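Chemist: Structure provided below as structure tokens; questions to follow.
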Amino acid sequence: MAEFLLEAKNVSVTFGSGSTKVEAVKNCSLTLRSGEPIGIVGESGSGKSTLARVLAGLQVPTEGEIYFNGEPVYKGSKSYTGEARRQVQMVFQDPYGSLNPQLTGLNAVAEAVRIHDKTNKDESENRALELLRRMGIAELDAIKKPRQLSGGQRQRVSVARALSARPTVLLADEPTSAIDQSAQAQLLNLFRGLLDDGLAIVLVSHDLGVIRYLTQRVYVMKDGVFVESGVTEEIFNDPREEYTKLLLASIPGELGVAARRKLNKI
Amino acid sequence: MSTHVDTKPKSKKKFIKEGTFGIYTGIFMLGSLVLAGAIIPRISKYGPDELASMPLAPPSRANFFGTDVLGRDVFVRVFDAVFIDLGTAIIGVAIPLVVGTIIGTLLGISQNKRVNSVVGSLIDGINAFPFLVFVIALIAFIGPGVGSIVLAISLVNWARYARIARTRAVVVNKQGYVEAARTLGFSKKRILFKHIIPNVSSETRAYALSDFIIVIIAIAALSFLGLGIKPPQAEWGGMIRDGKDLLTVGFWWPTVFPGIALCWAGIAVAFISEGLTRRMREVGTR
Amino acid sequence: MSTPAKPLIQIKDVVIGIPHKRRPTLIIVDKANFDINYGEMVGIVGESGSGKTMICRTMIGTLERRGGKIMSGEVIFEGQDLAKANDATWKSLRGKSIGYVPQSALAGPNPVLTIEAQLAEALRNTGDTKNIKARSKELLDLVKIRRVDTVMKQYPYQLSGGMRQRVMIACALATRPKLLIADEPTTGLDVTVQSQIMDLLKEIRSEMGTAIVLISHDLALIDEVCDRVVVMHAGATVEVGSVKELEKPRHPYTIALNSSRIDVAKPGSELVTIKGNAPSVGEWNPGCRFAERCSIVQADCKVGVHPELIGASGTHQSACIHTELLERI
């Protein structure tokens, strides 16, 4: 049993070449233990989404390795296979592109259930409805097409779909950015419940408020590099880097106000 | 006092969906044309290639649309042409639609730079030419006839669909649900056929509807130029060609009636296309 | 607040509907009620579909273009009822006394114009065509854009989302409007950018005395930045008050919204969420439209018309008819 469930070692991702070269991720290393919630925080363009996709097996790193349960994930251009593939799932940022517009929520989740459980139509639909119910999507809404659902509902259907594979790791790329405050709260509660069930979560966000609520450790990313990392609580109370302080000061509401007050006093 | 001019909440009244008029009108028009095309040649007294009466007899109770320069009944000829004209057009749209969508989609999701570059250039190259000109040039090569028309049109038209499909496929490929399908371990085949192609073909199918009109007219034009469907088979374009020189001397019926049939088909499809667009627009507002 | 509370624009009992050729009019706002005073920053908070954007449109006159119609009520701007305004009136107001900044993701500077051209167009709207270049640079300065000369020559695609929003704000300020309406200006932008833009808005308010309406779904943000808050739910104004007054909300919806804020939540604790979803347009029940989601709902909440705002304008108003039960929440 490897020490870490998921590990990134010296991962770099470079797009393009010559004059159009973009180094999205530069030599990043991170670890994730079973059942642990960690965060990757940074602004747009920091490379956090790219890194998340590398962890999910969707983007081959230019350099470095990803290990799942001690085994390397990438072999050439292929990534996760077999058991490992189903254990690492991802929820994407844009709720409007996260669901196939032609499938109802139920069909989308049932399809995933059928593939993983290898059951027939009825059984997979039952399990799908159960998963959706757990995500707060009633049967009435499950049979709707995505365009009839709100952003928050779409995100929850996406989570239900990801859960159908019974994953041990869930990567969430800015899941709360495009939805209402009240929908955000619902989604975060769901994630917290999943943590209680033993799921490890990697939360990628630009909002430290959300990170603080959910994670135990956080990596602060800027321009492809981790500038700071550590226990979330400590980063909040005693940020070392200027950039981290800037992020703290920008959190909307009370947290940001408190952070600014503290920073101005120093 | 607030004015509740509105519907009671949870009203069960069934609303007429936007665009219904157009869609049903178009279907009705096409349907009646096809029906006439099936029935009339069967029940008509005259065959499409028979001498019916005096040449160039004006419309009368015996010959509703008059007779053409060879004495054939224009009425039965107009409707005899329905199947061949519409049928060829349907095939001329269906083949490029399927081929173009598949090739375009594969190109859009391909990571292979060389293939993308080569096939992409081919597509752009074909699209650079005006449609009809290219088709005519090809027919000059292949020779006239129904088969040639379909072949020539397919060889040119697939590229137009492929371009639409490629652009769309690139976008669809990046969408969350496709990436999710990958992390969920779906097979490549499933992802392509159940997730990517359906969402790409929604655009190419929409294009196909408007393309249908172009193809109908192209077939008629080709026959008009003598490059298409061989006589004596009745065909609108051919009939218009045969009759055009007679217009100036007052014999309008051999040309006008096939012309009306052509327009009727085109307008019917336009109605359907417009109706569908309106309906999609309404659904899209959320 | 040192500026006297004098209303600049008053929304009174406004009902907005979308008329349709073959169907009954769809009512989407019923009723909206609030005042914006001179020099004040007011936040309008609500979920999507609460009608907050529609109200916005009545204030800038784009309602009709979007198919909406004011069914009843008044929109009084400096003594004029905008609900009855015609095109000519709007031409003299829109972009002049009332400025608008749209949501970042939905609209932005014209992609085919350089920033310089964009600003020039906005400035021409003032009627004064002298010194356009200098005044353009001044505007960019006002929105804290550095490297003004470089930016003037750039196209929108070369700028980040935050910069583009600043340009939009600059264009809106060209005519030194009395009222600036910012419709979710930072939704979709990073929090760091959001924080900067909020600081900018606050400065504009204090330096130029512009009244600002900030539309958002984020109560924490509004709390931090605005003077007063208007809470909308399913097309109705349910609570109005100063930020201080809303620390003790008097409507179950506001209480619920407040409790679902993560900036005040304890990490890892259960977040309070609002049960269900707001009723969609066309599916409104009689009575209070929050009834289905309310934890202190009573029988009389579900009948009749939606409760009106109780309390005089300028005080802490609430549309709940059972405020005596609020402690139970």
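Chains as they are written, first to last, in our numbering: chain A, 50 to 315; chain B, 67 to 352; chain C, 5 to 333.
Where is the CB? At the ideal position from N, CA and C, for every residue including glycine.
As the structure is a computational prediction, the values presented were derived from the model and not from experiment.
1. Can you tell me whether residue 266 of chain A is helix, strand or coil according to DSSP?
2. Output, in chain order, the set of chain B residues within a Cβ distance shorter than 8 Å of residue 316 of chain A.
3. Could you check whether the Cβ of residue 261 of chain A sits closer than 9 Å to any Cβ belonging to chain C?
4. At the level of alpha carbons, what is the spacing between residue 144 of chain C and residue 121 of chain C?
5. Between residue 234 of chain A and chain F, is there a C-beta pair that is closer than 9 Å?
6. In whole angstroms, what separates the C-alpha of residue 130 of chain C from that of residue 230 of chain C?
7. Leaving aside the five residues before and after residue 227 of chain C along the sequence, list all residues of the same chain whose C-beta is less than 7 Å from its C-beta, in chain order.
8. Say whether chain A places a C-beta atom closer than 9 Å to the C-beta of residue 5 of chain C.
9. According to DSSP, is residue 79 of chain B helix, strand or coil?
10. For residue 104 of chain B and residue 66 of chain C, I'd like the C-alpha separation in whole angstroms.
11. What residues from chain A crowd round residue 238 of chain C, counting only those whose CB sits closer than 9 Å?
12. Just list the alpha helix (DSSP H) runs in the segment 251–307 of chain A, keeping only unbroken ones of 4 residues or longer that don't cross its boundaries, in chain order.
13. Around the Cβ of residue 53 of chain C, are there at least 16 other Cβ atoms within 10 angstroms (buried) or fewer (exposed)?
14. Measuring only between beta-carbons, confirm whether residue 71 of chain A sits less than 9 Å from chain C.
15. What residues from the segment 225–255 of chain B come within 7 Å of chain A, judged by C-beta to C-beta, listed N to C?
16. Counting only beta-carbon separations shorter than 9 Å, does residue 255 of chain C have a partner in chain A?
17. Whether or not the segment 324–333 of chain C and the segment 298–305 of chain C are in contact is what I'm after, with contact meaning three or more pairs of Cβ atoms, one per stretch, closer than 8 Å; do they touch?
18. Using DSSP with H/G/I as helix, E/B as strand and the rest coil, what is residue 292 of chain C?
19. Could you name the residues of the same chain whose beta carbon sits closer than 7 Å to that of residue 308 of chain A, not counting the 5 residues immediately before and after it, in chain order?
20. How many angstroms separate the CA atom of residue 93 of chain B from the CA atom of residue 83 of chain B?
21. Any chance you could list the beta strand (DSSP E) runs of at least 3 consecutive residues sitting entirely within the segment 64–127 of chain A, in chain order?
22. Counting only Cβ pairs nearer than 8 Å, list the residues of chain A close to residue 265 of chain B.
23. Could you tell me the alpha carbon to alpha carbon distance between residue 86 of chain B and residue 24 of chain C, rounded to whole angstroms?
24. Are the segment 18–32 of chain C and the segment 206–221 of chain C touching by the rule of at least three beta carbon pairs closer than 8 Å?
25. Just the chain B side, please: which residues come within less than 8 Å of residue 210 of chain A by C-beta, in chain order?
26. For the beta strand (DSSP E) holding residue 14 of chain C, just list the boundary residues, first then last.
27. Among residues of its own chain, excluding the 5 on either side of residue 209 of chain C, which ones have a beta-carbon nearer than 6 Å to its beta-carbon?
28. Whose C-alpha, out of C:224, C:126, C:51 and C:137, is nearest the C-alpha of residue 241 of chain C?
29. Under a Cβ-count criterion, where at least 16 other Cβ atoms within 10 Å of its own Cβ denotes burial, should residue 135 of chain C be classed as buried or exposed?
30. State the start and end residues of the unbroken alpha helix (DSSP H) segment that holds residue 3 of chain C.
31. Would residue 220 of chain B pass as an interface residue toward chain A - the criterion being a Cβ-Cβ separation below 9 Å?
32. Helix, strand or coil for residue 149 of chain B? Go by DSSP, reduced to three states.
33. Take the Cβ of residue 110 of chain C as the centre, count every other Cβ of all protein chains shown within 10 Å, and call the residue buried at 16 or more, exposed below.
34. Return the chain-ordered list of same chain residues with a C-beta closer than 8 Å to the C-beta of residue 186 of chain A, the five sequence neighbours on each side being excluded.
35. With a Cβ-Cβ cutoff of 9 Å, do residue 243 of chain A and residue 220 of chain A count as a contact?
36. Exposed or buried, residue 283 of chain B, counting other C-beta atoms within 10 Å across all chains shown (16 or more means buried)?
Modeler: With the structure as the only source:
1. strand
2. This structure cannot speak to residue 316 of chain A, because chain A is shown only from 50 to 315.
3. yes
4. If I take the Cα positions, the gap works out to 13 Å.
5. Absent from the structure: chain F. Protein chains present are A, B and C.
6. Rounded to the nearest whole angstrom, the CA to CA distance from residue 130 of chain C to residue 230 of chain C is 28 Å.
7. 247
8. Residue placement at residue 5 of chain C is poorly supported in this model, since its pLDDT is 45, which falls under 50; the coordinates still yield a value, given next. No, residue 5 of chain C lies away from the interface with chain A (no Cβ there is under 9 Å from its Cβ).
9. Residue placement at residue 79 of chain B cannot be trusted, given a pLDDT of 47 that sits under 50; the coordinates are not used to answer.
10. 54 Å
11. Those within 9 Å of residue 238 of chain C in chain A number zero; the least Cβ separation is about 13 Å.
12. Secondary structure in the segment 251–307 of chain A: the alpha helix (DSSP H) runs of 4 residues or longer, each lying completely within the stretch, are 257–263, 281–286 and 291–298 in chain order.
13. buried
14. The beta-carbon of residue 71 of chain A is placed no less than 9 Å from the nearest beta-carbon of chain C.
15. 241, 242, 243, 245, 246, 248, 249, 250, 251 and 252
16. By this cut-off, residue 255 of chain C is not an interface position.
17. yes
18. coil
19. 297, 298 and 300
20. Roughly 16 Å separates the two Cα atoms.
21. 71–81, 86–90 and 112–117
22. 149, 150 and 151
23. 15 Å
24. no
25. By Cβ distance, chain B contributes 246 and 250.
26. That run of the beta strand (DSSP E) goes 11–22.
27. 45 and 216
28. C:51
29. exposed
30. Residue 3 of chain C is absent from the structure shown; chain C starts at 5 and stops at 333.
31. Residue-level contact check: residue 220 of chain B does not touch chain A, since none of the beta carbons of chain A fall below 9 Å from its beta carbon.
32. helix
33. exposed
34. 154, 202, 205, 206 and 209
35. no
36. buried
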